[in-house]
Structures are given as C-alpha cells and as structure tokens.
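J.: Pasting in a structure now, in structure tokens, and then I'll have a few things to ask.
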Amino acid sequence: VAKPKWPPFDKERREAIICEGAGVADLWEFSNPRLEDNRILTEEVIDWLFPGNPWLCCGVSMHHFDTRRRDDWRGHLHQQQHIVPSQMTAKTGTTKAGVISAHTLDNTGPRRFLVVEFDDGTLDEQAGILLHLSALAPLVCVVHSGNKSLHGWFYVHGLLEAKVLRFFRYSVSLGADSALWTRSQFARMPDGQRDNGHRQRVHFLNLKPLEQNQL
C-alpha cells in the first residue's frame, strides 16, 4: 500500500492556533474524569481504551515486545514504554520480510485510535493544538512522552479511512509526526515508563466517546 503524500507545514495556521492561548492546564481542566491524584493509572486507562480481553502489542522498547491477551498483561503494563494503539488480530503475524513476529502490520487490527504527536514547540503549544484538533475528532487521552512531547489519542474506530486520513493530513500540516499514520506504529503507553526512567503521565481523559459506542 502506497504511503499517503503529506501536506507541507503550515506555520501561519499553527501560530494562529497557538495564539488562542490554550495549554496544558486546560487539558487538566477539561479532563473527565479529573486527574487529581498521583496514582499510576496504566491498568485503568487501558481497560477503558481497550475493554474486554483483546490482543495487545506492548513493549519495553522498540526491540523487546510481545503480543498477549489484555488479561495476561495485567500488572505489567506500567513497566511498558510502547503500545500499538489498536488491538491485534492474533499473537503473531508476518513481516514484509517474511519473518514471524508479535509486532507486524499483518496482525494489527482495524484502526481504533489515531495518535497525534508533535516533536517541537512547548508542551503548552502542543496542548493547544491537540485541543484545537479535538473539535474535529474525539480526543480521549493525552499522554506525556516522558521527554518533550504530548501524544493525543483520537478515537476513530468505525470512521471511513478517507475521513481519518483527511484529519491526520491536517494534523501533519500543523507539525504532527506522520510516522504514526502506520496502524502498527508504537505509541507511548499511557502512564507507562520511558527508557530514561520517566513516567509517561496521562494529562487528559475523555471517556464519553467510548461510553457512547460501547465498543
């Protein structure tokens, strides 16, 4: 499958959005449930994002990962750095090179979440852009990378791929990392642990879109 052609960076549009002044404090303010304590929320958040007992591909690094049933991951998710933001269809699949692996496009299921990440700008600027994008698609979770970026999880299950692509192309024009378009691409584990020891804190939750769909 040919990779989409991504639009050029629209600096003027991005700066106009940033000038609206929303930031990280607004993410916390709009979060429902409100994140008011310091508990590690990994297990709860994954239960909300992936109800039932689906196959999930998670890893402590890009090279050390596994695909297991959600219940088999229980108690271990806070130690993981990465997760594929869609459920998997089987424990293993076949890579393009013909190798059997737990992390392949072949065993990644339909797109459930699309993750939007920005590598540049302050956290407040990134938060403002994610809140702007939340008017176009349901933002259900925002995760700090443990370094310099925020990851916004948008719920896109069941939407036409053309509509999702249009949304993501706009995100890329605002500076989002286009690599996360690939369904099997790892994203940061909500409240997981980065390889530098930092916690990948959850800054925002919005469970309403998930409750409405019960999927």
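Start counting the sequence shown at 180; every next residue gets the next number (the working numbering). Virtual Cβ for every residue (Gly too), placed ideally from N, Cα, C. In this text the structure is predicted, and so the values were computed from the model without any measurement.
In chain order, what residues of the same chain have a beta carbon less than 6 Å from the beta carbon of residue 394, not counting five sequence neighbours either side?
T.: Numbered from its first residue, the sequence shown carries residue 394 at position 215. Because the pLDDT of residue 394 is 43, which lies under 50, any placement of that residue in the model is unreliable, and the number read from its coordinates should be weighed accordingly. The residues are 336.
J.: Put residue 296 into one of helix, strand or coil per three-state DSSP.
T.: In the sequence shown, counting from the first residue as 1, residue 296 sits at position 117. In the structure shown, residue 296 sits in a strand (DSSP, three-state: E or B).
J.: Identify which residue in 369, 184, 311 and 274 has its Cα closest to the Cα of residue 292.
T.: Looking up residue 292 in the sequence shown gives position 113. Cα-wise, what sits closest to residue 292 is 369.
J.: Taking the alpha-carbon positions, what's the residue 268 to residue 379 distance?
T.: For this step, residue 268 is matched to residue 89 along the sequence shown. For this step, residue 379 is matched to residue 200 along the sequence shown. Rounded to the nearest angstrom, the two C-alpha atoms are 26 Å apart.
J.: Can you list, in chain order, the residues of its chain whose CB lies under 6 Å from that of residue 219, leaving out five sequence neighbours each side?
T.: Start at 1 with the first residue of the sequence shown, and residue 219 comes out as number 40. The residues are 257 and 370.
J.: Tell me whether residue 304 is buried or exposed, calling it buried when 16 or more other Cβ atoms sit within 10 Å of its Cβ.
T.: To locate residue 304, count along the sequence shown from 1; it is residue 125. With 16 or more other Cβ atoms within 10 Å, it is buried.
J.: The beta strand (DSSP E) spanning residue 322 covers which residue range?
T.: In the sequence shown, the residue the question calls residue 322 occupies position 143. Looking at the DSSP string, the run of the beta strand (DSSP E) that includes residue 322 is 318 to 323.
J.: Within 7 Å: the Cβ of residue 212 and any heavy atom of the ligand FAD?
T.: Ligands are entirely absent from the displayed structure, and the ligand FAD is therefore not among its contents.
J.: Quick check on the burial criterion: 16 or more other C-beta atoms within 10 angstroms. Buried or exposed for residue 228?
T.: Against the sequence shown, residue 228 aligns to sequence position 49. Flag for residue 228 reads buried.
J.: Taking buried to mean at least 16 other C-beta atoms within 10 Å of its own C-beta, is residue 339 buried or exposed?
T.: On the sequence shown, residue 339 is found 160 positions in, with the first residue counted as 1. Exposed: under 16 other Cβ atoms inside 10 Å.
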